[in-house]
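**Q** Below you will find the structure I want to go over with you.
Numbering (the numbering used here), first residue to last: 549 to 928.
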């Protein structure tokens with residue numbers, strides 16, 4: 549009887565031990581974007597892209613180093629403010645995340661990158677395009693979109709060669725992103741034989757542009773380029789219409805959203821706006837991105853704004869490196885992440901160069917017709 553009892557107790561302990569051993573390993577992935585403030589619609593779009601990836605990974609069941617993993621998303625709001633961005637970064641470091649996808653803006657991504665670097669935690673931005681982001685020598689910093697040199701340069705050449713711009717005005721919002729992309733645009737205009745007739749400044753919270761637009765109107769611009777986000781571009785387009793400025797309006801990925809026609813309150817003419825998104829697919833790869841957009845709409849009852857697919861890919865690239873390394877410990881999977889090459893994402897093929905920039909990054913040029921965004925071309 550005693551012998552049997554011991555056997556039963558032993559067996560129970562074994563089963564209990566087995567169940568404890570079989571419990572999922574929790575891997576925390578951080579995400580930071582502005583989910584409050586003027587561009588909260590873009591930040592929420594990003595966060596939904598992250599949630600979609602995490603939910604799919606958990607449903608699929610991922611094993612890392614022989615252990616079944618449950619991924620947990622730790623989402624923070626940085627309100628597109630550098631100080632709040634560094635506070636959010638430190639909070640994620642203190643929470644012992646294995647990696648971070650974000651931030652949305654260059655102005656928050658750049659200061660946060662030092663905090664992640666000091667902690668040895670990989671950071672992949674789905675949308676920060678300022679070149680400085682990957683030029684600080686941090687081994688933990690990556691991005692899945694082309695930078696402003698490529699973005700602003702392509703738009704500058706397009707303004708001169710395709711739009712035949714003769715008098716081009718430039719406005720920027722003084723953020724790391726806005727000023728950076730405007731500088732590269734202006735360089736490319738001049739390199740392409742074009743001329744700029746004025747450079748004006750605003751800020752990322754402004755709503756009244758009467759003074760700078762009146763100053764530019766006197767110079768009769770045929771193209772106005774704005775380095776900034778859609779929340780500022782919309783009211784600017786409205787005031788251009790009120791002042792009778794009939795120039796083409798150009799901008800980078802910050803203005804290239806589904807919300808822009810609404811923010812411009814119906815004042816955009818068909819084909820008036822030309823913008824570029826850092827990323828893009830063509831040919832057979834287009835189906836994957838379209839399928840993602842359909843699945844996204846079904847899950848969240850919302851259309852993709854801009855960056856959700858890039859966030860989705862960034863999460864999956866990070867997890868693929870963990871699986872390949874057999875570990876979610878940053879020090880162990882970081883070298884594998886850095887060697888990522890040929891990863892087939894919904895936004896195209898992803899590989900990183902020595903700086904952490906995406907290799908052979910694509911850009912997609914868009915315009916708007918009937919209040920809908922319409923693709924012009926994919927450029928590499």
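Backbone N, C-alpha and C define an ideal beta-carbon position, used for all residues, glycine too.
If we count the other Cβ atoms within 10 Å of its Cβ and call it buried at 16 or more, is residue 544 buried or exposed?
**A** Coverage of the chain is limited to positions 549 through 928, which leaves residue 544 absent and any answer about it impossible.
**Q** Residues in the same chain with beta-carbon distance under 7 Å from residue 632, minus the five sequence neighbours each way, listed in chain order, please.
**A** Counting only Cβ-Cβ distances below 7 Å, and skipping sequence neighbours, we find 626.
**Q** Nearest CA to the CA of residue 923: which residue from 624, 786, 825 and 835?
**A** Answer by Cα proximity: 825.
**Q** Provide the residue span of the beta strand (DSSP E) that contains residue 877, from first to last.
**A** Here residue 877 belongs to no beta strand (DSSP E), and DSSP marks it neither H nor E.
**Q** Let me check understanding here. Comparing Cα to Cα, which of 792, 720 and 768 lies closest to residue 775?
**A** Out of 792, 720 and 768, 720 has the C-alpha closest to the C-alpha of residue 775.
**Q** Only counting runs of 3 or more residues, tell me where the beta strand (DSSP E) segments fall wholly within the stretch 708-765, in order along the chain.
**A** If we require 3 residues or more, the beta strand (DSSP E) runs fully inside the stretch 708-765 come out as 716-720 and 744-749.
**Q** Is it buried or exposed for residue 758, if we count other Cβ within 10 angstroms and need 16 for buried?
**A** Classification for residue 758: exposed.
**Q** What's the C-alpha gap between residue 741 and residue 794?
**A** Each residue's Cα considered, the two are about 23 Å apart.
**Q** Whose C-beta lies closer than 6 Å to the C-beta of residue 538 among residues of the same chain, with five residues either side of it excluded?
**A** In this structure the chain extends from 549 to 928, so residue 538 is not present and cannot be described.
**Q** Which class does residue 673 belong to by DSSP, given the choice of helix, strand or coil?
**A** Strand.
**Q** Should residue 666 be labelled buried (16 or more other beta-carbon atoms within 10 Å of its own) or exposed?
**A** Exposed.
**Q** So, at 7 Å on beta carbons, what are the nonlocal neighbours of residue 817 in its own chain, with the 5 sequence-adjacent residues on each side left out?
**A** Result list for residue 817: empty, nothing under 7 Å.
**Q** Which of helix, strand or coil does DSSP assign to residue 786?
**A** Three-state result, residue 786: helix.
**Q** Helix, strand or coil: how does DSSP classify residue 807 here?
**A** Note: residue 807 maps to coil in three-state DSSP.
**Q** Kindly indicate which residue of 760, 766 and 808 has the alpha-carbon position closest to the one of residue 778.
**A** Nearest of 760, 766 and 808 to residue 778, Cα basis: 808.
**Q** When you compare the stretch 602-616 with the stretch 899-912, are there three or more beta-carbon pairs, one atom per stretch, that lie closer than 8 Å?
**A** No, they do not touch.
**Q** Answer with buried or exposed for residue 569, where buried requires no fewer than 16 other C-beta atoms within 10 angstroms of its C-beta.
**A** Low local confidence applies: a pLDDT of 40 at residue 569 is under 50, so the model's placement there is unreliable, and no value is given.
**Q** Within 10 angstroms of the Cβ of residue 883, are there 16 or more other Cβ atoms? Answer buried if so, exposed if not.
**A** Burial call: exposed.
**Q** Smallest Cα separation from residue 926: which of 760, 749 and 823?
**A** Nearest of 760, 749 and 823 to residue 926, Cα basis: 823.
**Q** Excluding five sequence neighbours on each side, which residues of the same chain lie with their C-beta closer than 7 Å to the C-beta of residue 576?
**A** Excluding positions up to five away in sequence, the list reads 620, 622, 643, 644, 645 and 646.
**Q** For the beta strand (DSSP E) that residue 797 lies in, which residues bound it at each end?
**A** Start and end: 796-799.
**Q** Give me the Cβ distance between residue 904 and residue 682, rounded to the nearest whole Å; I'm assuming they're in contact under 8 Å.
**A** With a Cβ gap of about 5 Å, residue 904 and residue 682 count as contacting.
**Q** Tell me which residues share the same chain as residue 669 and place their Cβ nearer than 7 Å to its Cβ, disregarding the 5 neighbours each side in the sequence.
**A** Cβ within range, chain order: 641, 645, 647, 648, 688 and 878.
**Q** Can you look up residue 686 in the DSSP assignment and give me helix, strand or coil?
**A** It is coil, neither helix nor strand.
**Q** Residues in its own chain within less than 7 Å of residue 605 by CB, not counting five upstream and five downstream?
**A** Result list for residue 605: 619 and 867, in chain order.
**Q** With DSSP as the reference, please indicate the residues paired to residue 915 in a beta bridge.
**A** In DSSP, residue 915 forms a bridge with 822 and 922.
**Q** Are there 16 or more other CB atoms within 10 angstroms of the CB of residue 581, so buried, or fewer, so exposed?
**A** Buried.
**Q** From the DSSP output, which residues share a beta bridge with residue 611?
**A** Answer by DSSP bridge pairing, in chain order: 616.
**Q** Check whether the stretch 744-757 and the stretch 707-720 are in contact - that is, three or more C-beta pairs closer than 8 Å.
**A** Counting Cβ pairs under 8 Å, three or more are found: they touch.
**Q** Taking residue 892 as part of the alpha helix (DSSP H), name the residues at either end of that continuous run.
**A** Note, residue 892: premise wrong, no alpha helix (DSSP H); beta strand (DSSP E) at 891-893.
**Q** Can residue 729 and residue 800 be called in contact, C-beta distance under 8 Å?
**A** Result yes, Cβ atoms of residue 729 and residue 800 sit closer than 8 Å.
**Q** Within its chain, find whatever has a CB closer than 8 Å to the CB of residue 871; leave out the 5 residues flanking it on each side and keep chain order.
**A** Excluding residues within five positions, the ones whose Cβ falls inside 8 Å are 610, 611 and 612.
**Q** Would you kindly check if the distance between the Cβ of residue 676 and the Cβ of residue 653 is under 8 Å?
**A** Cβ distance < 8 Å, so residue 653 and residue 676 count as in contact.
**Q** Closest to residue 634 by C-alpha separation, out of 704, 853, 850 and 661, would be which residue?
**A** If we check each option's Cα against that of residue 634, 661 comes out closest.
**Q** Going by CA-CA distance only, name the one from 589, 798 and 881 that's closest to residue 865.
**A** Ranking 589, 798 and 881 by Cα distance to residue 865 puts 881 first.
**Q** Can you check which of these residues, 629, 897 and 707, is closest to residue 834 by C-alpha distance?
**A** Nearest C-alpha to residue 834: 897.
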